[in-house]
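Residue numbers 1 to 103, in my numbering, belong to the letters of the sequence shown in order.
Just so it is clear, CB atoms sit at the ideal spot from N, CA and C, and this is done for glycine as well.
Please read the structure below before turning to the comments.
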Amino acid sequence: MRKADLVNAISEKTGIAKVDVLVSLEALFKEIKTSLQDGENVYIRGFGSFVIKKRAKKVGRHIKKGAAIEIPEHFIPSFKPAKIFVEQVKKNVTSLPDEETED
């Protein structure tokens with residue numbers, strides 16, 4: 001499901017104009033991004049948490065040069081689904097549909 005599909009589904013279920021749904025969805029994404037950039041985690045009960053994870057510094061390898069490089073510590077966004085959400089997916093999904101190929 002892509003963002004356009006999500007907008008269409010929400011619009012059909014709620015009767016709200018697609019453009020209004022799109023604006024609301026974009027505002028939600030922007031607020032989540034802004035909160036994470038400010039170092040704040042976002043918790044949505046029954047859905048999950050958008051959190052910042054710290055990655056420790058480590059030594060990597062530059063493949064073409066074969067040289068070791070140091071990767072500094074950094075922070076990345078992460079999503080942790082709520083327990084009830086995970087249980088619902090486990091209960092209802094029995095197999096994945098065939099992956100769509102893009103030409």
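**Prompt:** Which parts of the region 8–75 are runs of the alpha helix (DSSP H), unbroken and 4 residues or longer, counting only runs that do not cross its ends?
**Reply:** 18–37
**Request:** Return the CA-CA distance between Ile63 and Asp5, expressed in angstroms with no decimal places.
**Result:** 39 Å
**Item:** Limits of the alpha helix (DSSP H) - the one that Val89 falls within
**Value:** Lys83 to Asn92
**Request:** Would you decide whether Val7 is buried or exposed? Buried here means 16 or more other CB atoms lie within 10 Å of its CB.
**Result:** buried
**Asked** Beta-carbon separation of Ser11 and Lys3 under 8 Å?
**Response** no
**Prompt:** Ser78 to Gly48, Cα distance in whole Å?
**Reply:** 10 Å
**Prompt:** Going straight from the alpha carbon of Ala27 to that of Thr14, what length do you get?
**Reply:** 18 Å
**Asked** Cβ atoms of Ile52 and Gly60: under 8 Å apart, would you say?
**Response** no
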